[in-house]
Amino acid sequence: MSDFVSLDLVPILAGLLAALSCGLLGNFLVLRRLSLMGDAISHSVLPGIVVAFLLTSSRAPIPVFIGALIAGLITVLLVELIRRAGRVESGAAMGVAFSIMFAVGILLMHQVAADRIDLDADCVLHGQLQSLNWASTMSWSDLLDPGVVWLLPRQVHVLAVTLAVVVSFVFVMYKELRIAAFDPQLASAQGISPGIMHVLLMLLVAATTVAAFEAVGSILVIAMLIGPAATARLLTERLAPQIAVSALIAVLASLGGYTTAVFVPIALGAPVDLNASGMMTTMLGVLLVLAIVFSPSRGLIARALNTRRLASRVRRDDLLAFLYREHESGQRTSSLAVAAERWRYNSDHLESLLVELERSGLIVKMSSGIALTEAGLREGASIVRKHRLWEAYLVDRAGLRPDHVHDVAEKLEHIPLDESALPLMPSLLDPHGKPIPEPRA
Numbered sequence: 002m003s004d005f006v007s008l009d010l011v012p013i014l015a016g017l018l019a020a021l022s023c024g025l026l027g028n029f030l031v032l033r034r035l036s037l038m039g040d041a042i043s044h045s046v047l048p049g050i051v052v053a054f055l056l057t058s059s060r061a062p063i064p065v066f067i068g069a070l071i072a073g074l075i076t077v078l079l080v081e082l083i084r085r086a087g088r089v090e091s092g093a094a095m096g097v098a099f100s101i102m103f104a105v106g107i108l109l110m111h112q113v114a115a116d117r118i119d120l121d122a123d124c125v126l127h128g129q130l131q132s133l134n135w136a137s138t139m140s141w142s143d144l145l146d147p148g149v150v151w152l153l154p155r156q157v158h159v160l161a162v163t164l165a166v167v168v169s170f171v172f173v174m175y176k177e178l179r180i181a182a183f184d185p186q187l188a189s190a191q192g193i194s195p196g197i198m199h200v201l202l203m204l205l206v207a208a209t210t211v212a213a214f215e216a217v218g219s220i221l222v223i224a225m226l227i228g229p230a231a232t233a234r235l236l237t238e239r240l241a242p243q244i245a246v247s248a249l250i251a252v253l254a255s256l257g258g259y260t261t262a263v264f265v266p267i268a269l270g271a272p273v274d275l276n277a278s279g280m281m282t283t284m285l286g287v288l289l290v291l292a293i294v295f296s297p298s299r300g301l302i303a304r305a306l307n308t309r310r311l312a313s314r315v316r317r318d319d320l321l322a323f324l325y326r327e328h329e330s331g332q333r334t335s336s337l338a339v340a341a342e343r344w345r346y347n348s349d350h351l352e353s354l355l356v357e358l359e360r361s362g363l364i365v366k367m368s369s370g371i372a373l374t375e376a377g378l379r380e381g382a383s384i385v386r387k388h389r390l391w392e393a394y395l396v397d398r399a400g401l402r403p404d405h406v407h408d409v410a411e412k413l414e415h416i417p418l419d420e421s422a423l424p425l426m427p428s429l430l431d432p433h434g435k436p437i438p439e440p441r442a
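Numbering (the numbering used here), first residue to last: 2 to 442.
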């Protein structure tokens with residue numbers, strides 16, 4: 002247990018703090034379609050780090066942090082300049098900006114500072130989570146000593162302050178952030194400046210990215226700015242629950258990733274553990290895939306079930322409309338051979354459809370064929386009415402030819418129709434001279 006407190010507790014705390022900070026801000030980046038801003042900033046801090054080394058000849062944390070922060074802010078301003086001056090979308094502007102900044106950093110590092118800076122690319126990409134330790138404590142009881150807690154690694158203090166600032170910003174400015182993200186015009190009408198909110202958000206994203214960069218690396222920063230919010234967006238439609246779910250996902254990815262990276266290899270007898278930041282990112286990817294598959298509203302399974310239900314309802318509506326037209330022509334019972342041939346129903350589909358309609362009280366089976374009940378007549382009349390109203394609208398209002406509207410109306414008849422939204426039709430007949438059924442009580 003003492004080894005866990007001194008060796009594992011600090012990396013877990015650092016990963017949690019970084020994930021929560023990035024995950025909370027990521028919700029508003031995803032809503033604004035600026036998800037790659039974290040990627041741009043994380044690539045762009047390199048010239049700031051190199052320049053800080055050149056000016057101070059030191060790897061002291063404060064000059065490095067200030068240099069990286071300035072580089073991040075320059076990236077934000079450069080993105081805005083390219084977007085407005087070049088009239089391009091934000092994604093293209095971010096791609097240009099971080100490519101320029103990263104190239105400048107690489108050039109400085111190799112051409113000017115190669116002999117003076119010890120910069121490990123692995124640390125830049127993956128951070129140094131597992132190198133963080135807390136040698137000043139040996140047991141859980143030491144956590145109650147403020148003096149010992151103060152000796153936590155600097156990265157944890159920086160990330161804790163960053164998280165506190167992020168939570169305070171989101172809590173205080175939630176209304177303004179929400180309105181500016183969803184409807185900038187409405188925000189302006191209410192006296193909220195979308196431009197100021199955008200600048201404040203970008204400044205905080207830059208500061209958070211830089212604060213987390215040293216401890217967890219650019220890969221985890223980018224993943225946590227996008228992954229939790231994107232995953233939560235698949236699970237809920239409302240912003241407040243989305244923020245809460247994204248925080249939960251960030252926590253699960255951090256704890257699950259660190260456990261898998263450090264403890265699972267030990268349990269399996271592996272000689273070395275895995276990179277914690279990389280495994281946290283992998284765990285976040287696993288959660289995203291699970292959300293894509295199992296999301297109740299947007300998941301692949303839910304969409305497949307909805308598509309299947311929709312196809313079943315379309316077949317049901319088509320059959321009821323067919324039976325109503327047969328009834329309308331004077332046939333009280335109908336043979337289904339024509340319907341089966343027209344819509345290519347196989348015997349299994351047709352039989353299951355008839356069972357469903359009979360169970361719903363819409364049809365009755367008779368020796369001479371199939372007949373609609375009173376409830377079935379109401380349903381069939383409603384479908385045919387929508388079909389013929391759409392035909393009349395497409396001819397009278399949209400100017401289509403009568404022989405071009407049937408197939409279109411056959412698709413539109415399955416969509417719920419608010420007849421009050423349609424203009425009054427000048428005739429009670431459709432373009433083919435057939436009467437438009439009156440609504441049945």
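Every residue, glycine too, gets a C-beta built ideally from N, C-alpha and C.
Three or more C-beta pairs below 8 Å linking the stretch 202 to 213 and the stretch 161 to 169: By the criterion of at least three beta-carbon pairs nearer than 8 Å, the stretch 202 to 213 is in contact with the stretch 161 to 169.
Nearest-angstrom Cα separation, counted from A93 out to G434: Using only the alpha carbons, I get a separation of about 55 Å.
N- and C-terminal bounds of the alpha helix (DSSP H) containing A233: Per DSSP, A233 belongs to the alpha helix (DSSP H) from 195 to 236.
For T374 and G331, the rounded distance between their alpha carbons: One C-alpha to the other measures close to 15 Å.
Residue environment, P229, which counts as buried when at least 16 other CB atoms sit within 10 Å: It counts as buried.
Nearest to A181 (by Cα), restricted to the options L202, A161, V162: Distance check between A181 and each of L202, A161, V162 places L202 closest, using alpha-carbon atoms only.
Separation of G106 from S45, as counted between CA atoms: Going by the C-alpha atoms only, they are around 8 Å apart.
Straight-line Cα distance separating Q191 from D40: Going from the Cα of D40 to the Cα of Q191 covers about 32 Å.
Simplified DSSP assignment, three categories, for I364: DSSP, reduced to helix, strand and coil, places I364 within a strand of the structure shown.
Three-state secondary structure (DSSP) of A122: Interpretation of A122 is limited by its pLDDT of 49, a score under 50 that renders its predicted location unreliable; the figure taken from the coordinates is listed afterwards. Annotated three-state conformation of A122 is helix, per DSSP.
Given 8 Å, three or more beta-carbon pairs between the stretch 75 to 82 and the stretch 242 to 261: No, the stretch 75 to 82 does not touch the stretch 242 to 261.
I416, buried or exposed, once every other Cβ within 10 Å from all chains shown has been counted against 16: Exposed, because fewer than 16 other Cβ atoms sit within 10 Å of the Cβ of I416.
Own chain partners of S36 with C-beta closer than 6 Å, once the 5 adjacent residues on each side are dropped: Result list for S36: L30, I227, in chain order.
Alpha-carbon spacing of F264 relative to L18, whole angstroms: C-alpha of F264 to C-alpha of L18: approximately 20 Å in a straight line.
Under 8 Å between C-beta atoms of A262 and I250: I250 is positioned such that its CB atom lies no closer than 8 Å to that of A262.
Distance between beta carbons of M225 and G27, contact taken as under 8 Å: Yes, they are in contact, since the Cβ atoms of G27 and M225 sit about 7 Å apart, within 8 Å.
Residue range of the alpha helix (DSSP H) that includes I42: For I42, the enclosing alpha helix (DSSP H) has its first and last residue at 38 to 57.
C-beta atoms of D431 and R402 nearer than 8 Å: For D431 and R402, no; Cβs fall outside 8 Å.
Own chain residues within Cβ distance below 7 Å of T57, not counting five before or after: Counting only Cβ-Cβ distances below 7 Å, and skipping sequence neighbours, we find P64.
7 Å CB neighbourhood of A122 in its chain, flanking five on each side removed: The predicted model places A122 with a pLDDT of 49, which falls under 50 and marks its position as unreliable, so this point remains unresolved.
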